[in-house]
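Enquirer: Protein chains in written order, with the working numbering: chain S, -9 to 305; chain V, 74 to 268. This is the structure, below, for whatever I ask next.
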Amino acid sequence: MHIRRAPDVPSSEITKEDHYLNRREWIAAAVAAGAAAGFVPQTLQALAQGQGPVATGTPYGLQKDDKPTPWEDVTGYNNFYEFGTAKEDPAQYAKGFKPKPWTVKVDGMVKNAADYQLEDFLKPAKIEDRIYRHRCVEAWSMVIPWRGFSLSDILKRAEPTSQAKFVEFTTLFDPRRMPGQTMRVLDWPYVEGLRLDEAMHPLALMVTGVYGRDLPNQNGAPLRLHVPWKYGFKSVKSIVRIRLVDKQPRNTWNLSAPDEYGFYSNVNPEVDHPRWTQATERRIGEFSKRKTLMFNGYADQVASMYTGMDLRKNY
Amino acid sequence: MLLIVALCIPPVLGIAGVASDILAHTRYFGSNPVKEVEHFLGRWTLRLIFATLTITPLRQISGWNWLAKHRRTLGLFAFAYLTLHWIAYAFLDVQLDWGELKKDLLKRPYIFLGMTALLLMIPLVITSTKAMIRRLGRNWTKLHRLIYIIAILGVIHYSMAVKKDLTDPLTYGAVLLVLYGWRIYRATRSRPAPA
């Protein structure tokens, strides 16, 4: 199998440490002044004292003016219907969720089918901090400092057989732990899929943390996918099963509204959603809209996988 | 007077909140204040339209005829809320991208329905003065029955705008059904039995 090399990151793209330090000093000074005046919330004070989440990592595909989206937004504005359909629901209703212990079944067309404990993945993995662009199908976007390892690590270990062409992912189904699943708003469990070459791409990240911390429950703890060149719903959360198959798997949003959500769902400013434009997006925390980039800014790394494909048809 | 002050509260809070979120990065409307204030104003528009439709049943049930003179105030405020909802959509959300506004109107049925409802409300506003009521006479009542259609358009617009979870739009639809059901019940009950 052809495995693509990790994209080169020009050193100019890497944010220098002293930039962060400067920023934090500045925040510390501002917060100290604010705390004295009595109007800075405690979380901000904690942040300035160095207890807070810090955006670190290697930027991948970031544009000049891309800055990490604040922690409050990354962990407070979520689409995770397993915990409710409002954006604030997951942060509220996932509080009591216990993501450990966690077992992931890897099976289907693989030589080494097995039930893995999360630690089995983490121990041998090369855990990295990577800052990715994230584009939701609802036309908003974020820049998120993830922590995780390449999905290809899991797949290589499982050794797909020659018939395997696609990878299917399944989210935990347990309505007692995921109260949103008591409502039949989607057909549970949530399933998603990638073509095998997409899944083997070095940008496809198995996420275990964000902002240098363990992944909060509302973001898909303890193990989720992030495929930065596709709309967010492809990046399935709280994964319990990874199955190698020979046919294109079903994916939940496509089953729910086939004319609105496709299988590929590559970010594409030229193909509108039936109810809104995909040409622009609102970066959370910003007022002016940004132009949406082809493959969400990762065209150089991923476009070759789709040569000759009609992206209007395969939306 | 008290009613007018009360009706100013939701839009003033909405505008102040979103302005503060955009300009000072507060979080009154959470992470996506433009979308939130747009939906906030939309829901308040529907609530006020429903309030105008509640006056008649309430009078019939309670006999409080003094309610009647407040119906116009509620209706005019409903139109003001609707205008603000449209401003939030066109100015803050689409940011006056004319090509996009046109595409929304022509290609996206829920926008078309919303715009239709807005346009249908204009004649109701224009004919809300005492002089116009007098001049139109019985036709005034006929014209203002448009509100029944506007309210339905509003609920359909809402249900088509949400992504998947229909709980809220269906709740609004249920309230509307009760308001219309009462009228149908009254109409059939008070009709004299056929000879």
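By construction, the Cβ of each residue, glycine as well, lies at the ideal position given by its N, Cα and C atoms. In this text, all values refer to a predicted model and were calculated from it rather than measured experimentally.
Confirm, please, whether the CB-CB distance from Asp56/S to Ile274/S is below 7 Å.
Expert: Residue 274/S sits at position 284 when you count from the first residue of the first sequence. Residue 56/S sits at position 66 when you count from the first residue of the first sequence. Contact flag unset, no.
Enquirer: Where does the unbroken beta strand (DSSP E) through Asp105/S begin, and where does it stop?
Expert: Here residue 105/S is taken as the residue at index 115 of the first sequence, counted from 1. Looking at the DSSP string, the run of the beta strand (DSSP E) that includes Asp105/S is 104 to 107.
Enquirer: Quick one: which residues of the segment 195 to 226 of chain V get their C-beta closer than 7 Å to a C-beta of chain S? List them in chain order.
Expert: Here the close residues number zero.
Enquirer: Give me the subset of the segment 76 to 92 of chain S whose CB atoms are less than 9 Å from a CB atom of chain V, sorted by chain position.
Expert: Listed by position, the residues of the segment 76 to 92 of chain S near chain V (Cβ gap below 9 Å) are Ala76, Lys77, Glu78.
Enquirer: On the premise that Leu147/V lies in contact with Asp121/V, defined as a C-beta separation below 8 Å, what is that separation, rounded to the nearest angstrom?
Expert: By 1-based counting over the second sequence, the position of residue 121/V is 48. By 1-based counting over the second sequence, the position of residue 147/V is 74. The sequence given here places Leu at residue 121/V; Asp does not occur at that position. That belief holds up - the Cβ atoms of Leu121/V and Leu147/V are roughly 6 Å apart, short of 8 Å.
Enquirer: Could you check if Thr161/S is buried or exposed, using at least 16 other CB atoms within 10 Å of its CB as the buried criterion?
Expert: Within the first sequence, numbered from 1, the residue matching residue 161/S stands at position 171. Buried is the call here.
Enquirer: Along the chain, where does the beta strand (DSSP E) containing His124/S start, and where does it finish?
Expert: As a first step, residue 124/S must be located in the first sequence, where it is residue number 134. Looking at the DSSP string, the run of the beta strand (DSSP E) that includes His124/S is 118 to 125.
Enquirer: Would you mind giving the Cβ-Cβ distance between Ala141/V and Ile128/V, rounded to the nearest angstrom? I have them listed as a contact below 8 Å.
Expert: Numbered from 1 along the second sequence, position 68 holds the residue referred to as residue 141/V. Numbered from 1 along the second sequence, position 55 holds the residue referred to as residue 128/V. Their Cβ separation, rounded to whole angstroms, is 7 Å, which keeps Ala141/V and Ile128/V in contact under 8 Å.
Enquirer: Below 8 Å on the Cβ atoms is my guess for Phe70/S versus Pro58/S; work out the distance and round it to an integer in Å.
Expert: The residue labelled residue 70/S in the question sits at position 80 within the first sequence. The residue labelled residue 58/S in the question sits at position 68 within the first sequence. With a Cβ gap of about 20 Å, Phe70/S and Pro58/S do not count as contacting.
Enquirer: Taking the alpha helix (DSSP H) that Leu165/V falls in, what are its first and last residues?
Expert: Along the second sequence, one-based indexing puts residue 165/V at 92. Note, Leu165/V: premise wrong, no alpha helix (DSSP H); not H, not E.
Enquirer: Counting contacts by CB-CB distance shorter than 7 Å, is Ile95/V in contact with chain S?
Expert: Here residue 95/V refers to the residue found at position 22 when the second sequence is read from its first residue. Answer yes: the Cβ-Cβ gap between Ile95/V and chain S drops below 7 Å somewhere.
Enquirer: Can you check whether the C-beta of Lys237/V is within less than 7 Å of a C-beta belonging to chain S?
Expert: Position 164 of the second sequence holds residue 237/V. Lys237/V counts as touching chain S.
Enquirer: Alpha carbons only, please: which of Arg137/S, Asp110/S, Glu109/S, Ser131/S is nearest the one belonging to Arg120/S?
Expert: If you number the first sequence from 1, residue 120/S lands on position 130. Comparing Cα-Cα distances from Arg120/S to each of Arg137/S, Asp110/S, Glu109/S, Ser131/S, the minimum goes to Arg137/S.
Enquirer: Would you mind reading off the limits of the beta strand (DSSP E) that contains Leu184/S?
Expert: Walking along the first sequence from the start, residue 184/S turns up at place 194. Leu184/S -> beta strand (DSSP E) spans 181 to 185.
Enquirer: Using the three-state DSSP reduction, which class does Arg262/V fall into: helix, strand or coil?
Expert: Taking the first residue of the second sequence as position 1, residue 262/V is located at position 189. Helix, per DSSP.
Enquirer: Closer than 8 Å between beta carbons: that is the criterion. Which residues of the segment 112 to 132 of chain S meet it against chain V?
Expert: Residues passing the 8 Å Cβ filter: Glu128, Trp130.
Enquirer: For Val94/S, which three-state DSSP category applies?
Expert: By 1-based counting over the first sequence, the position of residue 94/S is 104. Strand at Val94/S.
Enquirer: How many whole angstroms separate the CB atoms of Leu145/S and Met196/S, which I take to be in contact at a CB cut-off of 8 Å?
Expert: What you label residue 145/S is simply residue 155 of the first sequence in a count that begins at 1. What you label residue 196/S is simply residue 206 of the first sequence in a count that begins at 1. Their Cβ separation, rounded to whole angstroms, is 10 Å, which puts Leu145/S and Met196/S out of contact at 8 Å.
Enquirer: Please go through the same chain and pick out, in chain order, the residues whose beta-carbon is closer than 8 Å to the beta-carbon of Thr200/V, but skip the five residues on each side of it.
Expert: Translated into the one-based positions of the second sequence, residue 200/V becomes position 127. Ile206, Leu209, Trp213, Leu216, His217.
Enquirer: Take the Cβ of Asn286/S as the centre, count every other Cβ of all protein chains shown within 10 Å, and call the residue buried at 16 or more, exposed below.
Expert: The count along the first sequence starts at 1 and reaches residue 286/S at position 296. Asn286/S is buried by the Cβ-count criterion.
Enquirer: Excluding five sequence neighbours on each side, which residues of the same chain lie with their C-beta closer than 6 Å to the C-beta of Asp97/S?
Expert: Against the first sequence, residue 97/S aligns to sequence position 107. Ala103, Arg233.
Enquirer: Can you tell me whether DSSP reads Thr129/V as helix, strand or coil?
Expert: For the purposes of this step, residue 129/V is identified with residue 56 of the second sequence, where counting begins at 1. If DSSP states are grouped into helix, strand and coil, Thr129/V belongs with the helices.
Enquirer: When Cβ atoms are compared, which residues of the segment 196 to 220 of chain S fall closer than 7 Å to chain V?
Expert: Taking 7 Å as the Cβ-Cβ cut-off against chain V, none of the residues of the segment 196 to 220 of chain S qualify.
Enquirer: Below 7 Å on C-beta distance, what does Val228/V contact in chain S?
Expert: The residue you call residue 228/V lines up with position 155 of the second sequence. What Val228/V touches in chain S: nothing, since even the nearest Cβ is about 17 Å away.
Enquirer: Just checking, does the segment 164 to 172 of chain S make contact with the segment 75 to 87 of chain V on the three C-beta pairs under 8 Å criterion?
Expert: Too few Cβ pairs lie closer than 8 Å, so no.
Enquirer: Have a look at the DSSP bridge pairing and note the partners of Lys220/S.
Expert: Numbered from its first residue, the first sequence carries residue 220/S at position 230. Partner(s): Asn256/S.
Enquirer: Could you check what DSSP says for Gly287/S in three-state terms: helix, strand or coil?
Expert: As a position in the first sequence, residue 287/S is number 297, starting the count at 1. Three-state result, Gly287/S: helix.
Enquirer: What's the gap between the Cα of Thr156/V and the Cα of Leu184/S?
Expert: Position 83 of the second sequence, counting from 1, holds the residue named residue 156/V. Position 194 of the first sequence, counting from 1, holds the residue named residue 184/S. Between Thr156/V and Leu184/S, the C-alpha separation is close to 44 Å.
Enquirer: Please report the distance separating the alpha-carbon of Tyr102/V from that of Asp94/V.
Expert: Taking the first residue of the second sequence as 1, we reach residue 102/V at position 29. Taking the first residue of the second sequence as 1, we reach residue 94/V at position 21. In the sequence as displayed, the identity of residue 102/V is Phe instead of Tyr. If I take the Cα positions, the gap works out to 7 Å.
Enquirer: Could you please tell me which residues of the segment 275 to 294 of chain S, in chain order, have their CB closer than 8 Å to any CB of chain V?
Expert: Residues passing the 8 Å Cβ filter: Gly275, Phe277, Ser278, Lys279.
Enquirer: Where does Ala23/S fall in DSSP's three states?
Expert: Taking the first residue of the first sequence as 1, we reach residue 23/S at position 33. Because the pLDDT of Ala23/S is 47, which lies under 50, any placement of that residue in the model is unreliable, and the number read from its coordinates should be weighed accordingly. In this structure, Ala23/S counts as helix in the three-state DSSP scheme.
Enquirer: So, at 6 Å on beta carbons, what are the nonlocal neighbours of Leu207/S in its own chain, with the 5 sequence-adjacent residues on each side left out?
Expert: Taking the first sequence and counting its residues from 1, one reaches residue 207/S at position 217. It should be pointed out that residue 207/S corresponds to Asn in this sequence rather than to Leu. Excluding positions up to five away in sequence, the list reads Ala84, Phe87.
Enquirer: Buried or exposed for Arg181/V, please, with buried defined as at least 16 other CB atoms from any protein chain shown within 10 angstroms of its CB.
Expert: For the purposes of this step, residue 181/V is taken as the residue at position 108 of the second sequence. It counts as buried.
Enquirer: How big is the Cα-Cα spacing for Ala289/S and Trp219/S?
Expert: Position 299 of the first sequence holds residue 289/S. Position 229 of the first sequence holds residue 219/S. Ala289/S and Trp219/S: Cα-Cα distance of roughly 8 Å.
Enquirer: Please state whether DSSP places His263/S in a helix, a strand or coil.
Expert: Position 273 of the first sequence, counting from 1, holds the residue named residue 263/S. Of the three classes helix, strand and coil, the one that applies to His263/S here is strand, per DSSP.
Enquirer: If you measure from the beta carbon of Arg181/V to each beta carbon in chain S, is any gap under 7 Å?
Expert: The residue you call residue 181/V lines up with position 108 of the second sequence. It does: the Cβ of Arg181/V has a partner Cβ on chain S nearer than 7 Å.
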